[in-house]
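Peer 1: In the working numbering, the protein residues as written are 5 to 100. Using N, Cα and C, we set each Cβ at its ideal position, and we do this for glycine too.
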């Protein structure tokens, strides 16, 4: 395991131990619902299923089809906020 991987693992462990990881996941869920991301992705899923036909779509196909759009639909503000919150958390727990 290289240094980056070790640091990433240590940060992840600290986030889990303190409960911050769950808080960040809840914040992300709330932000995505608030901005309409969940509804947009749900509508896209319905479109894909309608185009291909329910009997011709597997869960894996659906995930492969919607993942790029799902990532693209995440607002820049959300993409910036989470790393900033992690940096703040790390600054407060500088013992890593």
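Kindly confirm or deny that the segment 77 to 96 and the segment 12 to 30 touch, where touching means at least three C-beta pairs closer than 8 Å.
Peer 2: Counting Cβ pairs under 8 Å, three or more are found: they touch.
Peer 1: Using the Cα positions of residue 15 and residue 95, report the straight-line distance between them to the nearest angstrom.
Peer 2: Taking the straight line from one Cα to the other gives about 12 Å.
Peer 1: Is the segment 46 to 56 touching the segment 68 to 81 in the sense that three or more CB pairs, one from each, lie closer than 8 Å?
Peer 2: With a cut-off of 8 Å, the segment 46 to 56 and the segment 68 to 81 count as touching, because enough Cβ pairs lie within range.
Peer 1: Counting C-beta neighbours from all protein chains within 10 Å, is the total for residue 58 16 or more, i.e. buried, or is it exposed?
Peer 2: Per the 10 Å Cβ criterion, exposed.
Peer 1: Just to confirm my understanding: we take residue 48, look at its own chain, exclude 5 residues before and 5 after, and list those with CB closer than 6 Å. What are they?
Peer 2: The answer, listed in chain order, is 70, 73.
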